[in-house]
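The letter at position 116 of the sequence shown is residue 731 when you use my numbering, and the numbering goes up by one with no holes.
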Amino acid sequence: MLENRILIAEDEEKLRKIIKKYLMNEGYDVYEASNGQEALEMQEEFDVDLIILDVMMPVMDGWMALKLIRKESKVPVMMLTARTSEEDTVFGFELGADDYIAKPFRARELVARVKALLHRSGKMAATDKVQIGDLRVDLLGMHVEVNEQAIELSPKEYELLIYFLNNRNQALSREQILNRIWGYDFVGDDRTVDTVVKRLRKKLEHEGERISTVRGVGYRFEEE
């Protein structure tokens, strides 16, 4: 399949190499930049599908790089930073960031967010499909099958399934699920999650048993 091209702009070489390793293990074509200016030049040269952009970098910081990128491109941008105040987060989104992940972070979480962002932006590789047991998901066509039979999911059920697939074998709290699927400004309670999980389990038939309840936390999608 055609590989998605991802640019990492991060001045800490060790961290940059770790991120690159995890992304390459997922089949992505990865480019590296050590500052904002390099990121701009490489984004223009390679026409990447997604940029992971650190905020604090020499020569040109991430904020300025993002501002200049947005003048020319709508490429998805994930901001990577140790600055976690609400003001910084809002500022990043106002400049045009698509996602925001704070240091320190788990590499698997970053990879999951990359996949979700590529999917939401329509830049997921055209032949990208997931098959687990009798469950098959065509990420481009947004098509779900169990035992080769099409399954009709609501938009929220589909988003939830993709979130589970991107975070396989990880315990996800109800709060995490609410924030990711319904947004941080959602007005309601975590029973909404329970209701949609129940419907999704039923529609996935026997494969719905992969969605296990983690007592006192939330849910986990079991790959094995």
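Ideal placement from N, C-alpha and C gives every residue a C-beta, glycine not left out.
This structure is a prediction, so every number in the text was calculated from the model and none was measured.
Discussion item. Am I right that residue 638 and residue 684 are in contact with their C-beta atoms under 8 Å? What's the rounded C-beta distance?
Written reply: In the sequence shown, residue 638 corresponds to position 23, counting from 1. In the sequence shown, residue 684 corresponds to position 69, counting from 1. Residue 638 to residue 684, Cβ: 19 Å. No contact.
Discussion item. So residue 627 and residue 635 are supposed to be a Cβ contact under 8 Å. How far apart are they, rounded?
Written reply: Taking the sequence shown and counting its residues from 1, one reaches residue 627 at position 12. Taking the sequence shown and counting its residues from 1, one reaches residue 635 at position 20. Incorrect: roughly 12 Å between the Cβ atoms, too far for contact.
Fill in: Collapsed DSSP secondary structure at residue 785 in the structure displayed
Indexing the sequence shown from 1 puts residue 785 at position 170. Coil at residue 785, not helix or strand.
Item to complete: Within the same chain, show all residues whose beta-carbon is closer than 8 Å to that of residue 838, passing over the 5 residues directly before and after it, in chain order.
Response: For the purposes of this step, residue 838 is taken as residue 223 along the sequence shown, with counting starting at 1. Within the same chain, residue 838 has close Cβ partners 747, 783, 784, 825.
Worksheet entry | CB of residue 796 within 7 Å of CB of residue 775, strictly | Along the sequence shown, read from residue 1 onward, the residue named residue 796 stands at position 181. Along the sequence shown, read from residue 1 onward, the residue named residue 775 stands at position 160. Yes, the Cβ-Cβ distance between residue 796 and residue 775 is below 7 Å.
Worksheet entry | Unbroken beta strand (DSSP E) run spanning residue 826, endpoints | Along the sequence shown, read from residue 1 onward, the residue named residue 826 stands at position 211. 826-829 is the extent of the beta strand (DSSP E) around residue 826.
Practice prompt. Please determine if the segment 656-670 and the segment 694-707 are in contact, where contact requires at least 3 C-beta pairs separated by less than 8 Å.
Written response: yes
Practice prompt. Using DSSP bridges, identify the partner residues of residue 758.
Written response: Here residue 758 is taken as the residue at index 143 of the sequence shown, counted from 1. BP columns for residue 758 point to 753.
Worksheet item: Does DSSP put residue 806 in a helix, a strand or coil?
Response: As a working mapping, residue 806 is identified with position 191 in the sequence shown. Note: residue 806 maps to helix in three-state DSSP.
Worksheet item: Which parts of the segment 713-741 are runs of the alpha helix (DSSP H), unbroken and 4 residues or longer, counting only runs that do not cross its ends?
Response: 722-735
Discussion item. Counting C-beta neighbours from all protein chains within 10 Å, is the total for residue 836 16 or more, i.e. buried, or is it exposed?
Written reply: In the sequence shown, counting from the first residue as 1, residue 836 sits at position 221. Residue 836 comes out buried.
Worksheet item: Taking the alpha-carbon positions, what's the residue 736 to residue 831 distance?
Response: Within the sequence shown, residue 736 is the residue found at index 121, counting from 1. Within the sequence shown, residue 831 is the residue found at index 216, counting from 1. One C-alpha to the other measures close to 33 Å.
Item to complete: Given a cut-off of 7 Å, decide if residue 679 and residue 652 are closer than it, judged by their beta-carbon atoms.
Response: Counting from one through the sequence shown, the residue named residue 652 turns up at place 37. Counting from one through the sequence shown, the residue named residue 679 turns up at place 64. Not in contact: residue 652 and residue 679 (Cβ atoms no closer than 7 Å).
Discussion item. Please list the terminal residues of the continuous beta strand (DSSP E) segment that includes residue 694.
Written reply: On the sequence shown, position 79 is the one that residue 694 refers to. Segment 692-696, the beta strand (DSSP E) holding residue 694.
Worksheet entry | Local conformation of residue 643 per DSSP, three classes | Taking the first residue of the sequence shown as 1, we reach residue 643 at position 28. Coil, per DSSP.
Fill in: Per-residue DSSP class, three states only, for residue 833
In the sequence shown, the residue the question calls residue 833 occupies position 218. Residue 833 falls in the strand class under three-state DSSP.
Worksheet entry | Alpha carbon of residue 631 to alpha carbon of residue 624, nearest angstrom | Working through the sequence shown from its first residue, we reach residue 631 at position 16. Working through the sequence shown from its first residue, we reach residue 624 at position 9. Distance between the alpha carbons of residue 631 and residue 624 is about 8 Å.
Practice prompt. For the alpha helix (DSSP H) containing residue 666, list its first residue and its last residue.
Written response: For the purposes of this step, residue 666 is identified with residue 51 of the sequence shown, where counting begins at 1. Per DSSP, residue 666 belongs to no alpha helix (DSSP H); it is in the beta strand (DSSP E), 665-669.
Worksheet item: What's the gap between the Cα of residue 752 and the Cα of residue 766?
Response: Counted from its first residue, the sequence shown places residue 752 at position 137. Counted from its first residue, the sequence shown places residue 766 at position 151. Distance between the alpha carbons of residue 752 and residue 766: 10 Å.
Discussion item. For residue 650, tell me which candidate among 709, 622, 761 has the shortest Cα-Cα distance.
Written reply: Position 35 of the sequence shown, counted from the first residue, corresponds to residue 650. Selected option, being the one with the closest Cα: 622.
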